[in-house]
Amino acid sequence: MGVVLYLGLVGAGLVTAFLLSTVLRGIKLI
Numbered sequence: 285m286g287v288v289l290y291l292g293l294v295g296a297g298l299v300t301a302f303l304l305s306t307v308l309r310g311i312k313l314i
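Note that the sequence shown covers residues 285 to 314 in our numbering.
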C-alpha cells in the first residue's frame, strides 16, 4: 500500500514538473 502511494506521489510530481516546465517555455516564447 505504501509503495503505491509513493509511486503515485512520484508520478504526480513528475507530471507537475512537466506542466511547470511547459508553462515556463510558453512564457519564454511569448
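Here a beta-carbon is modelled for each residue, glycine too, at the ideal position from N, C-alpha and C.
Measure the alpha-carbon distance for residue i versus residue j and round it to whole angstroms.
i: L293; j: L313; result: 30 Å
i: T306; j: A296; result: 15 Å
i: A301; j: G310; result: 14 Å
i: G286; j: L308; result: 33 Å
i: L304; j: V288; result: 24 Å
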